[in-house]
Amino acid sequence: VAGLDLFAQHPDRALVERALESVEFLVVQDVRRTETTDYASVVLPMTAPAETDGTYTNVSGIVQPLAQILRPLGQAKPVWRTMTELMLRLKPARPFIQARDVYEDLAARNPNFA
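The sequence shown: position 109 = 277 (my numbering), numbered continuously.
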């Protein structure tokens, strides 16, 4: 789970609790402690929107650009970088070096990012 508090987003609290309790191992990446991070086996620090380049897709599916204006604190990383590092550990492949690499890959696969 990355950057999302499931309890704040889903109306059925009991369903979210049952789902999270049924997971054997849960990795959460977020900018702050949430109810979802309380269920995590591992919590990874995530950059805030002002600390990263990239895009944000809102609830309406509209893709919006993000431009980094602040340096990330501590060991916080953007979600795309964390996912790339995890992916490379599981299955070595061509890494994404910067946010633009991710965006170009998404644009090639999804017209909403073109």
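Quick reminder that beta carbons are idealized off the backbone N, C-alpha and C, glycines included.
Taking the straight line between their C-alpha atoms, what separation do you get for A282 and Y271?
9 Å
Give the straight-line distance between the Cα atoms of V199 and M214, rounded to the nearest whole angstrom.
5 Å
Classify V184: buried if its beta carbon has 16 or more other beta carbons within 10 angstroms, exposed otherwise.
buried
State yes or no: is the C-beta of L256 within less than 8 Å of the C-beta of P263?
yes
Between which two residues does the alpha helix (DSSP H) carrying D273 extend?
267-277
Going by the CB atoms, is the gap between A170 and L221 shorter than 8 Å?
One detail in the question is off: residue 221 reads as Asp in this sequence, not Leu. It is not a contact, given that the beta carbons lie outside the stated cut-off.
Spatial neighbours of Y224 within its chain, please: C-beta separation below 7 Å, excluding the five flanking residues on both sides.
P217, Q232, L234
Would you call the CB atoms of A176 and L194 closer than 8 Å?
no
Can you tell me where the beta strand (DSSP E) holding T220 begins and where it ends?
Segment: none, T220 is in no beta strand (DSSP E) and carries neither H nor E.
Going along the chain, which residues of its own chain have a beta-carbon closer than 7 Å to the beta-carbon of P279, five neighbours each way excluded?
none
Please list, in chain order, all residues of the same chain as Q243 whose beta carbon is under 7 Å from its beta carbon, the five residues on each side excluded.
P213
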